[in-house]
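Undergrad:
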Amino acid sequence: MKQKDTEFIEHFQVLALDGKNDRICFIVPENPSSSKPCWCRANQRMRVGMVVKGRLVPQDNPEILPMLVIEN
0 MKQKDTEFIE
10 HFQVLALDGK
20 NDRICFIVPE
30 NPSSSKPCWC
40 RANQRMRVGM
50 VVKGRLVPQD
60 NPEILPMLVI
70 EN
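Taking numbering that gives the first Met the number 0, the leading residue of the sequence shown gets 0, the next gets one more, and so forth.
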């Protein structure tokens, strides 16, 4: 199993959005000891201030933003 398939579920708060795309956002984990704050691409539309439950999936290419897969 690849590393990106084993990422665990966390709660993230959306602090900022890209001005052109509401799926690209800057997130901060609610538990600061888990993931680091970062820009990512979400699998659904986001709003500043949202708290979402999901997992951050790193990409193979470091120039591509990680994917935030939000759980329903």
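All C-beta atoms, glycine included, are put in the ideal place defined by N, C-alpha and C.
If you reduce the DSSP assignment to three classes, tell me which class E9 lands in.
TA: In the structure shown, E9 falls within a strand segment according to DSSP collapsed to helix, strand and coil.
Undergrad: Does the distance from the C-beta atom of M66 to that of V56 stay below 7 Å?
TA: yes
Undergrad: Does the Cβ of V13 have 16 or more other Cβ atoms within 10 Å, making it buried, or fewer, making it exposed?
TA: buried
Undergrad: Indicate whether F11 and I26 have their beta-carbon atoms separated by less than 7 Å.
TA: yes
Undergrad: With a threshold of 16 other CB atoms inside 10 Å of the CB of R54, please say whether the residue is buried or exposed.
TA: buried
Undergrad: Within the continuous beta strand (DSSP E) that includes L67, where are the two ends?
TA: Counting along the chain, the beta strand (DSSP E) containing L67 begins and ends at M66 to I69.
Undergrad: Could you tell me which residues DSSP puts in a beta bridge with G53?
TA: In the DSSP assignment, the residues bridged to G53 are E9 and I69.
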